[in-house]
Amino acid sequence: MRKATLPFPFPLEAAEILRRRSLILTRLCAQDEGFCAIPVQGIGEETMDSMLRLYDDIFLNGYLGRAMRCLHVTISARLTSSAGKFLCTRGMLRQIKGAEIRMSGDFLTRLDEGPFQLNGLSVATPQEAFLVVFEHELCHALETALYGQTGHSARFLGLAKGLFGHTATRHSLPTRRQEAARDGLVVGSHVCFPFRGSMLSGVVNYIGKQATVMVPDARGEYRDRRGQRYTKYRVPLDHLKRIP
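Heads up: the sequence shown begins at 0 in numbering that gives the first Met the number 0, then just goes up one per residue.
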């Protein structure tokens, strides 16, 4: 990927990447006290908008603001299977109708003390980890704006490395499902849990911020292929006890 083919400075030196990322982090923390706290207390919509604007201005010379005006950033407490996600919708003739970078608030507020390993980088704070995740998703948006599609190809890796110093596409931040698995809880596990003074037992059907447990119940709303009926319960993970 040649520098001349891109409408922004590329590639950047490692020291310059760190300087620009630090500048963005300083401005965001000055704007949002909740985001600046450790552990993070939350992040406002205006802060998310500012993050996109700052990255576009400081790293991309405003290219995405011109080429993908529909792009916006959201924070989702329900996104638990990944730290971030790029979404794109298209209309007639494959034209982009909408674009979104969805960031996981669940990941952000669960992080405490670093270092954290993300995309080949080591960062010290939850805020830096959040920015590095955002950079990855921003590269997906950028590649889509430049070339019409995105993936984890050599071209994508070249963009991520040249702009942000990323050398990999994975992170070591545990998902809720991975954390539960360490305690022996996986989809299909037989578990019990307290409910209104009694103890119920069933099978784990889903693991997110809470687990979905299907409990046998002759009057239950849900039925499997064998005709067995169940009632569905959403249970905090720390309330579950695995039945061997």
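Backbone N, C-alpha and C fix where the C-beta goes; we use that ideal spot for every residue, glycine too.
TODO: Specify the secondary structure class of Q30 as computed by DSSP and reduced to three states.
DONE: In the structure shown, Q30 adopts helical secondary structure according to DSSP, grouped into three states.
Open item on the list: Suppose the cutoff is 8 angstroms on Cβ atoms and the five residues either side in sequence are ignored; what does the same chain contact list for K160 look like?
Closed with: Excluding positions up to five away in sequence, the list reads P10 and T166.
Task: DSSP state of G97 mapped onto helix, strand, coil - done: Here G97 sits in strand by DSSP.
Task: Distance between beta carbons of S49 and L27, contact taken as under 8 angstroms - done: Yes, L27 and S49 are in contact; Cβ-Cβ is about 6 angstroms, under 8 angstroms.
TODO: Look up S49 in the DSSP assignment and give the residues it is bridged to.
DONE: In DSSP, S49 forms no bridge with anything.
Open item on the list: With distance defined between alpha-carbon atoms, name the residue in M198, A14, R101 and L17 nearest to H238.
Closed with: Answer by Cα proximity: M198.
- [ ] Assuming L24 contacts L130 (C-beta within less than 8 angstroms), just tell me the rounded distance between them.
- [x] The C-beta separation of L24 from L130 comes to about 6 angstroms, placing the pair in contact by the 8 angstroms criterion.
TODO: Would you kindly report the start and end of the unbroken beta strand (DSSP E) that includes P215?
DONE: That run of the beta strand (DSSP E) goes Q209 to P215.
Open item on the list: So, with DSSP's three-state summary, where would you put G157?
Closed with: Residue state, collapsed to three classes: helix.
Task: the stretch 187 to 194 in contact with the stretch 202 to 220 per 3-pair CB rule at 8 angstroms - done: Contact between the stretch 187 to 194 and the stretch 202 to 220 is present, because at least three Cβ pairs lie under 8 angstroms.
Open item on the list: Could you tell me the alpha carbon to alpha carbon distance between V122 and T4, rounded to whole angstroms?
Closed with: V122 and T4: Cα-Cα distance of roughly 30 angstroms.
Task: Buried versus exposed call for I257 [16 or more other C-beta atoms within 10 Å across all chains shown] - done: Nothing can be reported for residue 257, as the shown portion of the chain is limited to 0 through 243.
TODO: Would you please state the rounded distance, in angstroms, between the beta carbons of E142 and L158? I believe it to be under 8 angstroms.
DONE: Rounded, the Cβ-Cβ distance is 6 angstroms, consistent with contact.
Task: D56 versus P125 - alpha carbon distance - done: About 23 angstroms.
Open item on the list: Which same chain residues end up closer than 6 angstroms to A66 when comparing Cβ atoms and leaving out the 5 residues on each side of it in sequence?
Closed with: Excluding positions up to five away in sequence, the list reads A144.
Task: Beta-bridge pairing of Q148 - partner residues as DSSP gives them - done: Paired residues: none, contrary to the question.
- [ ] Please indicate yes or no: does the CB of K160 lie closer than 7 angstroms to some heavy atom of the ligand ADP?
- [x] As presented, the structure is devoid of all ligands, the ligand ADP included, so that no description of it is given.
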